[in-house]
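In case it helps, this note's numbering puts the sequence shown at residues 232 to 447. All residues carry an ideal CB built from backbone N, CA and C; glycine is no exception. These numbers come from a predicted model, not from an experiment. Notes for the one structure printed next.
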Amino acid sequence: MNSNSFHLAGENATLRGVGIKVFWAFPTIVVKDEPDLLALYMPAGVLGRNVTHKPTPEELFSLTELSVVDCTWQRTDVLMLIVPGEAFSTYIMWETGTKNLDCLYVNLQDPIRRTHIGFDTLDHTLDIVISPDMSEWEWKDEDEFSAAQKVGFYSKEKVSEVYNEGEKAVRLITSERRSLYEEWKNWKANPEWEIPKLSPIWDEVNLDGHNLQNMV
232 MNSNSFHLAG ENATLRGVGI KVFWAFPTIV VKDEPDLLAL YMPAGVLGRN VTHKPTPEEL
292 FSLTELSVVD CTWQRTDVLM LIVPGEAFST YIMWETGTKN LDCLYVNLQD PIRRTHIGFD
352 TLDHTLDIVI SPDMSEWEWK DEDEFSAAQK VGFYSKEKVS EVYNEGEKAV RLITSERRSL
412 YEEWKNWKAN PEWEIPKLSP IWDEVNLDGH NLQNMV
């Protein structure tokens with residue numbers, strides 16, 4: 232798969248969190264891959280890779296201290312909705328095997344970059360949880376975000392940028408773009424889809440060259 236190519240519905244795509252190393256990688260199923268929207272599905276039971284524990288701010292600088300091990304995603308089935316160029320993704324999370332909506336989870340992150348095995352991003356530590364009816368929301372992991380700023384991982388300008396992006400995300404999801412998310416809340420996976428598998432080269436860091444031309 233060329234890093235500039237679009238995926239067909241039903242294809243596997245490996246989604247990764249990449250900084251100075253690959254912090255996590257999970258296989259997903261492509262639901263929609265078009266210029267205005269990327270939708271990826273990650274059912275409970277997928278086997279990926281993840282760090283053994285949530286990194287401390289100091290560990291985010293380290294190549295050696297963090298171990299990445301097998302990790303099975305559990306508890307929820309997740310539909311990830313990503314608008315090209317935006318610095319967040321929205322996870323619609325259902326209780327495993329049901330259509331009982333758990334929450335809408337907003338992952339604040341670098342805009343998605345295409346690779347020939349799927350997509351790369353980098354988390355910004357701070358996240359948002361929105362209630363199923365979209366009437367309430369709250370910041371998640373503010374303590375960790377603040378700690379990362381104190382050790383210099385995030386500048387004051389970056390902190391302000393991430394908070395602004397989070398507030399923008401809430402406004403779009405709960406108001407300006409609400410109909411899009413309401414529609415996807417009723418989406419159902421194709422029952423013929425099998426559990427996706429991780430790319431065998433999931434741990435190769437520079438799959439896209441970190442070039443802006445590869446950004447979705």
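How would you call residue i, buried or exposed, if buried means at least 16 neighbouring beta carbons within 10 angstroms?
i      : result
Asp351 : buried
Gly383 : exposed
Ile432 : exposed
Pro258 : buried
Gly248 : buried
Arg409 : exposed
Val196 : Nothing in the structure corresponds to residue 196, since the chain is present only between 232 and 447.
Val436 : exposed
Asp267 : exposed
Ala240 : exposed
What would DSSP say about residue i, mapped onto helix, strand or coil?
i      : result
Glu265 : strand
Ser236 : coil
Ala400 : helix
Arg345 : strand
Leu429 : coil
Asp333 : strand
Thr405 : helix
Glu423 : coil
Trp415 : helix
Asp374 : helix
Glu435 : coil
Ala379 : helix
Gln444 : Model confidence at Gln444 stands at a pLDDT of 36, short of 50, so the residue's coordinates are unreliable; what they give is reported in the following sentence. Gln444: helix per DSSP, three-state reduction.
Taking just the CA atoms, how far does residue j sit from residue i?
i      : j      : result
Ser366 : Asp374 : 24 angstroms
Ser298 : Val253 : 10 angstroms
Asp341 : Asp354 : 7 angstroms
Glu423 : Thr321 : 25 angstroms
Gln380 : Pro315 : 27 angstroms
Leu438 : Asn331 : 37 angstroms
Thr307 : Val360 : 14 angstroms
Trp255 : Ile313 : 18 angstroms
Arg188 : Glu413 : Lying before the first or after the last residue shown, residue 188 is absent from the chain, which here runs from 232 to 447.
Check: Looking at C-beta atoms only, is the number of pairs between the segment 387-404 and the segment 416-429 that lie closer than 8 angstroms three or more?
Finding: No, they do not touch.
Next item on the list: Determine contact between the segment 398-408 and the segment 239-251, defined as no fewer than three beta-carbon pairs at a distance below 8 angstroms.
Entry: no
Margin query: For the structure I just gave you, are there three or more beta carbon pairs, one from the segment 318-336 and one from the segment 284-291, closer than 8 angstroms?
Written below: The segment 318-336 makes no contact with the segment 284-291; the number of CB pairs closer than 8 angstroms stays below 3.
Next item on the list: Pick out the complete beta strand (DSSP E) segments inside the segment 288-321, 3 residues or longer, and give them in chain order.
Entry: Those beta strand (DSSP E) runs which fall completely within the segment 288-321 and span 3+ residues are 299-303, 307-313.
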